[in-house]
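Numbering (my numbering), first residue to last: 489 to 792.
Idealized CB from N, CA, C, for every residue including glycine.
Keep in mind the model is a prediction, meaning the values are calculated, not measured.
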Amino acid sequence: MNKKSTYLILVIFINTFSAMLAPGAGTKGRTSSAQRTFILPDGFMLKSIDGKLTGKDSNDGWFFEFDSAVLGSSKITGLTKLELLPSSTLERMIADANTSSTMSYRLWASVTKYKGRNFILPTRFLPFMEFKKIPLASASPTESGTTPTTGAGAKPEVQPAQKEPEEMNDELGIPKEILEKLEAGSISPSARRGLLDEPARPIAGRQTKIKQDFILTNRIGFLVKKEDGSMAFNLDALGLSAGSTTGTFKLLPCQVLELTERLQAAEADRVRFKIAGIVTEYQGEGFLLLHRAIRVYNHGNFGR
Numbered sequence: 489m490n491k492k493s494t495y496l497i498l499v500i501f502i503n504t505f506s507a508m509l510a511p512g513a514g515t516k517g518r519t520s521s522a523q524r525t526f527i528l529p530d531g532f533m534l535k536s537i538d539g540k541l542t543g544k545d546s547n548d549g550w551f552f553e554f555d556s557a558v559l560g561s562s563k564i565t566g567l568t569k570l571e572l573l574p575s576s577t578l579e580r581m582i583a584d585a586n587t588s589s590t591m592s593y594r595l596w597a598s599v600t601k602y603k604g605r606n607f608i609l610p611t612r613f614l615p616f617m618e619f620k621k622i623p624l625a626s627a628s629p630t631e632s633g634t635t636p637t638t639g640a641g642a643k644p645e646v647q648p649a650q651k652e653p654e655e656m657n658d659e660l661g662i663p664k665e666i667l668e669k670l671e672a673g674s675i676s677p678s679a680r681r682g683l684l685d686e687p688a689r690p691i692a693g694r695q696t697k698i699k700q701d702f703i704l705t706n707r708i709g710f711l712v713k714k715e716d717g718s719m720a721f722n723l724d725a726l727g728l729s730a731g732s733t734t735g736t737f738k739l740l741p742c743q744v745l746e747l748t749e750r751l752q753a754a755e756a757d758r759v760r761f762k763i764a765g766i767v768t769e770y771q772g773e774g775f776l777l778l779h780r781a782i783r784v785y786n787h788g789n790f791g792r
């Protein structure tokens with residue numbers, strides 16, 4: 489073997505070894521960490537996350553932009569903001585943002601994943617308040633003719649004598665003003681229930697009543713594709729005349745919805761599913777976040 493052949497073999501060996509050590513080598517579809525999109529798992533919980541509610545532009549949704557301190561966390565490194573899903577909590581956040589000067593919040597939410605993209609469903613929030621700084625009161629100059637408080641001829645300041653209680657075990661009475669406020673602020677149970685049904689603050693010049701979220705379990709229905717391309721779930725009572733088991737909800741993007749769409753796409757006929765999830769309301773329209781979807785098989789006129 490001559491020197492030229494030895495040199496060629498050495499060059500091929502070095503190139504092959506360098507390719508094996510390259511980031512992402514040997515893994516299909518894998519890229520370097522700088523180019524890889526960071527995706528949180530479906531169901532990941534965000535707790536006490538600080539950030540800002542960014543406004544809605546044209547057809548875009550509402551987004552929650554994380555603070556720089558939050559971005560330093562290893563759990564959500566690589567994310568700057570996520571889209572907020574329609575919900576009653578988001579409607580309350582928008583109402584609060586329209587009436588306050590700040591759009592900074594501390595958020596509790598659950599993360600969903602749909603077709604390689606993350607969304608967040610807010611469950612609770614706390615607004616950040618801006619407090620005005622009170623300037624410190626400067627000492628007033630010494631008036632003419634008063635006794636100086638410093639220097640050789642200064643007299644010691646005499647503190648006023650405090651009145652001591654007659655007995656050490658005397659009960660401290662509640663001031664009359666506070667008692668009047670407590671009596672005026674007392675609310676009966678019936679009045680408290682009435683406050684819960686009060687309409688929410690106006691949003692864009694209209695009065696709305698925001699309902700609480702609730703859980704929908706063991707309901708049967710079909711997937712329906714709407715004209716705008718979004719997916720909805722149409723409840724089916726299997727021939728029963730029950731108003732509580734009928735209705736249509738828009739489906740929020742999540743991993744369960746993605747798997748359910750694949751199952752429906754593999755079948756020529758409509759597939760009936762038994763589902764469970766969370767129902768929320770946004771601007772008077774019902775939305776459903778699926779937690780479980782099981783295929784239901786028909787046996788003649790009976791569904792199981």
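Exercise for the section: Return the chain-ordered list of same chain residues with a C-beta closer than 6 Å to the C-beta of Gly735, the five sequence neighbours on each side being excluded. Expected result: Position 247 of the sequence shown, counted from the start, is the residue given in the question as residue 735. Closer than 6 Å at Cβ, skipping near neighbours: Leu723.
Handout entry: Cβ-based neighbour list, Leu739, same chain, cut-off 7 Å, excluding 5 preceding and 5 following
Key = Numbered from 1 along the sequence shown, position 251 holds the residue referred to as residue 739. Hits under 7 Å: Met719, Ala720, Phe721, Leu745, Leu776, Leu778.
Practice task
Per DSSP, which residues does Gly798 bridge with? Please list them.
Solution key: This structure gives no information on residue 798, because the portion of the chain shown stretches from 489 to 792.
Practice task
Give a yes or no on whether 8 Å exceeds the smallest Cβ distance from Leu595 to chain B.
Solution key: No chain B appears in the structure shown, which is made up of a single protein chain.
Exercise for the section: Pull up the DSSP beta-bridge partners for Ala781, would you. Expected result: Position 293 of the sequence shown, counting from 1, holds the residue named residue 781. Bridge partners of Ala781: Ile763.
Handout entry: Residue burial classification, Gly661 (beta-carbon count within 10 angstroms, cutoff 16)
Key = For this step, residue 661 is matched to residue 173 along the sequence shown. Gly661 should be labelled exposed.
Exercise for the section: Flag this pair as yes or no: are the beta carbons of Arg780 and Val759 separated by less than 8 Å? Expected result: By 1-based counting over the sequence shown, the position of residue 780 is 292. By 1-based counting over the sequence shown, the position of residue 759 is 271. Against a cut-off of 8 Å, the Cβ pair of Val759 and Arg780 comes out as no contact.
Practice task
Thinking Leu595 and Phe616 are a contact (beta carbons under 8 Å), I'd like their distance in whole angstroms, please.
Solution key: The residue labelled residue 595 in the question sits at position 107 within the sequence shown. The residue labelled residue 616 in the question sits at position 128 within the sequence shown. At roughly 11 Å, the Cβ-Cβ gap does not stay under 8 Å, so Leu595 and Phe616 are not in contact.
Practice task
Drop a sphere of 10 angstroms on the beta-carbon of Ala585, count the other beta-carbons inside from all chains shown, and report buried for 16 or more, exposed for fewer.
Solution key: Sequence index remark: in the sequence shown, residue 585 carries index 97 (1-based). Buried.
Exercise for the section: Give me the Cα-Cα distance between Pro741 and Ile497, rounded to the nearest whole angstrom. Expected result: Locating residue 741 in the sequence shown gives position 253, counting from the first residue. Locating residue 497 in the sequence shown gives position 9, counting from the first residue. Computed Cα separation, rounded: 54 Å.
Problem - Contacts around Ser764, its chain only, beta-carbon distance under 6 Å, and the 5 residues preceding and following it disregarded - result: Translated into the one-based positions of the sequence shown, residue 764 becomes position 276. Note on residue identity: the sequence assigns Ala, not Ser, to residue 764. Same-chain partners within the cutoff: Thr705, His779, Arg780.
Exercise for the section: Keeping to the same chain, check which residues put their C-beta closer than 8 Å to that of Thr590; ignore five residues upstream and five downstream. Expected result: As a first step, residue 590 is located in the sequence shown; it is residue number 102 there, counting from the start. So the list reads Pro615, Phe616, Met617, Glu618, once near-sequence residues are dropped.
Practice task
Give the DSSP-derived three-state secondary structure of Glu746 in the structure shown.
Solution key: Counting from 1 along the sequence shown, the entry for residue 746 is found at position 258. Reduced to three states, the DSSP call for Glu746 is helix.
Practice task
Kindly list the residues whose CB is nearer than 7 Å to the CB of Lys664, restricted to its own chain and excluding five residues on each side of it in sequence; keep chain order.
Solution key: In the sequence shown, the residue the question calls residue 664 occupies position 176. So the list is empty, once near-sequence residues are dropped.
Handout entry: Ser576: first and last residue of the uninterrupted alpha helix (DSSP H) it sits in
Key = As a first step, residue 576 is located in the sequence shown; it is residue number 88 there, counting from the start. Start and end: 576-587.
Exercise for the section: Spell out the partners DSSP gives Glu715 in its beta bridges. Expected result: By 1-based counting over the sequence shown, the position of residue 715 is 227. Its beta-bridge partners do not exist; DSSP assigns none.
Exercise for the section: Identify, in the order they occur along the chain, each residue of the same chain with its Cβ nearer than 7 Å to the Cβ of Phe737, setting aside the five sequence neighbours on each side. Expected result: Mapped onto the sequence shown, residue 737 falls at position 249. Hits under 7 Å: Ala720, Phe721, Val767, Gly774, Phe775, Leu776.
Exercise for the section: Please go through the same chain and pick out, in chain order, the residues whose beta-carbon is closer than 8 Å to the beta-carbon of Tyr770, but skip the five residues on each side of it. Expected result: For the purposes of this step, residue 770 is taken as residue 282 along the sequence shown, with counting starting at 1. Same-chain partners within the cutoff: Pro574, Ser575, Ser576, Leu578, Glu579.
Problem - C-alpha distance - Lys535 paired with Ala756, whole-angstrom precision - result: As a position in the sequence shown, residue 535 is number 47, starting the count at 1. As a position in the sequence shown, residue 756 is number 268, starting the count at 1. Using only the alpha carbons, I get a separation of about 43 Å.
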